[in-house]
Amino acid sequence: VLLAGVVVMTAACSNMQPWVKPYERDKLADPIMAWDRDAISAEYLDHIRESREGSRGATGSAGGGCGCN
Amino acid sequence: MKVAAVQRILGRVAAVVALLLLRATCADVLPDDRADLFYSKYSGGGMDITGESAALNKKFTENIAAQVNYFVDHVSGASIDVLSQASQIRDERIQKSATLEFVHDKTTYTASYSGSVERDYRSDTASIAMKQDMFGDLTTLSLAFANTVDKVGENNGTAWVPVISWLGHAQSRSYDIDWSQILTKNLIAGVNFNVITDWGYLANPYRSIRYLDAGTPKGYSLGSQIYPDTRTSTAVQLEAKYFLPYRAAITGSFRYFRDTWSIVGKTFEVDYTHPISNIWILEGRFRYYTQNNANFYSDLFQYADEFEFEGRDQDLAAQDNYTIGAKATYAFLPNGWKMFKRATVTLDASRIAFHYKDFRNIKDFGVPQYQPGTEPLYQFNATVYQIYMSMFF
């Protein structure tokens, strides 16, 4: 698999053309398309959830502390 | 999953990523300088938690930036576990973090430290991360590693006169791989993959098991939880964000989680974001979460040492919860003021309804008492408010 990866990567390296051109990305650059506009708020909500649910991870950092009580 | 297996998989992923990083071409940029003031309030399940935070992001050159964050939580009240043991809590958690970012070409390198202190808990996390834009900036790949060391204690005194006993340490290592992909002019998608391994003292000392005891008036007694001293979890999140035919965005995500304690959790979330001119951004969201219980969890054990590992922490119980949230962001100072280019103020409110499927409410209901194991299932609602101001300069 790695060998195939080397071949594909090196072969396509020099002439990769993005299928969405830079001048076509105005909508994607709109602030409403940002994954997380407010990192502190997202981290705080993650901390609340991780203190009360068994699941964790794959959403960004949730900060420290035990959330024991 | 064994640690060696995880490391083998991560090693292979790292090799593939190294190949992908050959694709770098031109320079990335750091975000604008920014200062944030944040206030939050959580109320639910007998608990009130308020939090205040100040954060600063500052670019020193076009390539180097630093972020610092100070966060303090004030906890008061009594959760269902505390109520069943007739004591109240009052605590404060202070978290300080600092991050250094360095951009070279299309790669952003990040190093962070975060320390969190409560009178009965200490947590220190060091992390490194790397983000790479590639394939004509259609793809962003992020890798992160974090090492956390916790010191776990228990307050055997009162809320006002604490007597802390230190019980042990817990350590965890977290590995993240995040892939973000522009698919069309209107659609961006992402995959987030995370593995965490923990070992050490992993139990919550403030929560107890209960077991049948005919010699007591209630018919049961409480005892100490005994957790396994290792845990490995894997989580994968798929998400997509679509720019609608008018100026608004809709986001959908699904996360699948499983761990070596046999917990399987699933999270579904949908967000809708709607700006009004360039002054307001309104957002609504719905989130649903469900999980089964851990393999050593029981609401009521038959006797004190029925199994090698025993837990009755509500986080380990089968549960589902629903969140409805709304957020409004107001932009002001459009022409700037002194050193500031613009500013926003945001109000965020969420309502969460928790429903437990095998965790019973054992508060004192008065006479007549429920027979052990027939009490009502526990459920509660929580409200979370956040208000914050962001100044960009």
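Chains as they are written, first to last, in the numbering used here: chain A, 2 to 70; chain B, 347 to 739. Just so it is clear, CB atoms sit at the ideal spot from N, CA and C, and this is done for glycine as well.
Collapsed DSSP secondary structure at E500/B in the structure displayed: Note: E500/B maps to strand in three-state DSSP.
As assigned by DSSP and simplified to three states, the class of Q517/B: Three-state DSSP puts Q517/B in a strand.
Chain A contact for Y731/B (CB, 8 Å cutoff): Not closer than 8 Å to any Cβ of chain A, the Cβ of Y731/B fails to qualify, so no.
Counterpart residues of Y635/B in DSSP-defined beta bridges: Beta-bridge pairing links Y635/B to T613/B, N667/B.
8 Å Cβ cutoff, A59/A in contact with chain B: At least one chain B Cβ lies under 8 Å of A59/A.
Cβ-heavy atom distance, R553/B to the ligand ADP, below 7 Å: Inclusion of the ligand ADP in the displayed structure is not the case, the ligand content being empty and no account of it being possible.
Option in D39/A, W20/A, Q18/A, K28/A with minimal Cα separation from D744/B: Chain B is shown from 347 up to 739; residue 744/B falls before or after that span and cannot be answered.
Contact the segment 390-402 of chain B vs the segment 470-482 of chain B: 3+ CB pairs below 8 Å: Taking a contact to require three or more Cβ pairs closer than 8 Å, the segment 390-402 of chain B and the segment 470-482 of chain B do not qualify as touching.
Among N624/B, H701/B, N538/B, F614/B, nearest to F632/B - alpha-carbon criterion: Comparing Cα-Cα distances from F632/B to each of N624/B, H701/B, N538/B, F614/B, the minimum goes to F614/B.
Pair within 8 Å by beta-carbon distance, D419/B and I395/B: Cβ atoms of D419/B and I395/B: closer than 8 Å.
Option in Q665/B, A505/B, N641/B, E447/B with minimal Cα separation from N409/B: Residue E447/B is the option with its Cα nearest to N409/B.
The segment 586-597 of chain B in contact with the segment 663-681 of chain B per 3-pair CB rule at 8 Å: With the rule of 3 Cβ pairs closer than 8 Å, the segment 586-597 of chain B does not count as touching the segment 663-681 of chain B.
Touching by the beta-carbon criterion (3+ pairs, under 8 Å), the segment 621-640 of chain B and the segment 539-548 of chain B: Touching, no.
Cβ pair F705/B, D645/B closer than 8 Å: Result yes, Cβ atoms of F705/B and D645/B sit closer than 8 Å.
Extent of the continuous beta strand (DSSP E) run through D605/B: In the DSSP assignment, D605/B falls within the unbroken beta strand (DSSP E) covering 595-605.
Neighbourhood of V296/B by C-beta distance below 6 Å, restricted to the same chain and skipping five residues each side: There is no way to answer for residue 296/B, as the model of chain B reaches only from 347 to 739.
Contacts around G598/B, its chain only, beta-carbon distance under 6 Å, and the 5 residues preceding and following it disregarded: Cβ-Cβ distances below 6 Å link G598/B to A586, V616 in the same chain, with the five nearest sequence neighbours on each side left out; the list follows chain order.
Element boundaries [alpha helix (DSSP H), containing S42/A]: That run of the alpha helix (DSSP H) goes 40-51.
Inter-residue Cα distance where the pair is L533/B and W525/B: For the pair L533/B and W525/B, the Cα-to-Cα distance works out to about 14 Å.
Cα-Cα separation, A492/B to D479/B: Taking the Cα positions, A492/B is about 22 Å away from D479/B.
Distance CB(T454/B)-CB(D522/B) smaller than 8 Å: With contacts defined as CB atoms closer than 8 Å, T454/B and D522/B fail to qualify as a contacting pair.
DSSP state of D374/B mapped onto helix, strand, coil: Looking at D374/B - three-state DSSP - the assignment turns out to be coil, as it is neither helix nor strand.
Span separating the alpha-carbon of I625/B from that of A674/B: The straight-line gap from Cα to Cα measures roughly 10 Å.
Min CB distance C69/A to chain B below 8 Å: Residue placement at C69/A is poorly supported in this model, since its pLDDT is 44, which falls under 50; the coordinates still yield a value, given next. Among the residues facing chain B, C69/A is included, as its CB has a counterpart in that chain under 8 Å away.
Rounded C-alpha distance that separates N502/B from N538/B: Straight-line Cα distance between these residues: approximately 40 Å.
Inter-residue Cα distance where the pair is K687/B and D659/B: Between K687/B and D659/B, the C-alpha separation is close to 48 Å.
Enclosing beta strand (DSSP E) for D694/B [first to last residue]: First-last of the beta strand (DSSP E) with D694/B: 688-706.
Classification of F653/B by the beta-carbon crowding that lies within 10 angstroms, buried from 16 upward: Label assigned to F653/B: exposed.
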